[in-house]
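See structure below.
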Amino acid sequence: MRLHCSMHLRLSPQLWPAEGAVVDWLEARGIHLREPGSPRRVLSFAVAVAEKHGIGKRHLSNFDCFHYAYAKAMRAPLLTTDALLRETDVETRPLRRRSWPSRRLRFAPSCPCSPLG
Numbered sequence: 000m001r002l003h004c005s006m007h008l009r010l011s012p013q014l015w016p017a018e019g020a021v022v023d024w025l026e027a028r029g030i031h032l033r034e035p036g037s038p039r040r041v042l043s044f045a046v047a048v049a050e051k052h053g054i055g056k057r058h059l060s061n062f063d064c065f066h067y068a069y070a071k072a073m074r075a076p077l078l079t080t081d082a083l084l085r086e087t088d089v090e091t092r093p094l095r096r097r098s099w100p101s102r103r104l105r106f107a108p109s110c111p112c113s114p115l116g
């Protein structure tokens, strides 16, 4: 699978070694960074999804709106498990949300961290 990410950063000199490590990591995995195109287009997508789905509690966050907008502008899948983002017109990954089994923590009675003593 080939994923596309976009990133526009101004890094301070002390972060340059970290930037190199990240670039090496991405290249080793075949992940390519590219620009999303027109900032106005990205903003337009973000505003449209905010108007349709709302912003705030139980709605999309500003981050969600721009996450959606960048994916739409790039014609790339949206990497999310968020139910609201899955209702948008952009393809999402993973393809479906896993339902994780709920498990209770069990402590051995002799364990020092055990609530049983």
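Everything in the sequence shown is counted per numbering that gives the first Met the number 0, starting at 0 for the first residue and increasing by one.
A virtual CB, placed ideally from N, CA and C, is assigned to each residue, including glycine.
When DSSP labels each residue in this structure, what does residue i get in the three-state scheme?
| i | result |
| --- | --- |
| Leu-59 | strand |
| Arg-85 | helix |
| Arg-92 | strand |
In angstroms, rounded to a whole number, what distance separates the CA positions of residue i and residue j?
| i | j | result |
| --- | --- | --- |
| Ser-37 | Tyr-69 | 10 Å |
| Ile-54 | His-66 | 13 Å |
| Lys-51 | Leu-94 | 23 Å |
| Glu-26 | Leu-42 | 29 Å |
| Thr-80 | Pro-35 | 22 Å |
| Lys-56 | Leu-83 | 12 Å |
| Glu-90 | Arg-74 | 9 Å |
| Gly-19 | Gln-13 | 12 Å |
| Gly-29 | Val-21 | 12 Å |
| Leu-78 | Phe-44 | 17 Å |
| Arg-92 | Trp-15 | 31 Å |
| Asp-63 | Arg-85 | 11 Å |
Do the CB positions of residue i and residue j come within less than 8 Å of each other?
| i | j | result |
| --- | --- | --- |
| Arg-40 | Ala-72 | yes |
| Leu-59 | Val-48 | yes |
Less than 7 Å between C-beta atoms, sequence neighbours within five positions excluded: which residues of the same chain meet that for residue i?
| i | result |
| --- | --- |
| Asn-61 | Ile-54 |
Excluding the 5 residues preceding and the 5 following residue i in the sequence, name in chain order all residues of the same chain whose CB lies nearer than 8 Å to its CB.
| i | result |
| --- | --- |
| Pro-76 | Leu-2, Ala-70, Val-89, Glu-90, Thr-91, Arg-92 |
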